[in-house]
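S.K.: Numbering (the numbering used here), first residue to last: 21 to 89.
We put the CB at the ideal spot given by N, CA and C, even for glycine.
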Amino acid sequence: MLTINVAVLLAVIIVVRLRRRTEARSRNDEKLTVLIVLVFGIVVAPTAFGQGVLDFVGQLVSGINDTGR
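#1: Taking the alpha helix (DSSP H) that E50 belongs to, which residues open and close that run?
#2: Helix, strand or coil for N25 per DSSP?
#3: Does DSSP put R37 in a helix, in a strand, or in coil?
#4: Can you tell me the Cα-Cα spacing of L52 and V64, whole angstroms?
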């Protein structure tokens, strides 16, 4: 039996949608892309990968903030 990870499927959908030219997108298309990205974030956030990304972004922002002082 073949199983598909929902996060991987959403990531593929996001990449395919974002590869389209900006001029070819309608307002509803943009809203759907934002909704898909939000769902992807909710699915990935509680995982170890999501926590790693959160830690990395936190360190990056902290480093940029310290550089500005």
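M.R.: For this structure:
#1: 47-64
#2: coil
#3: helix
#4: 18 Å
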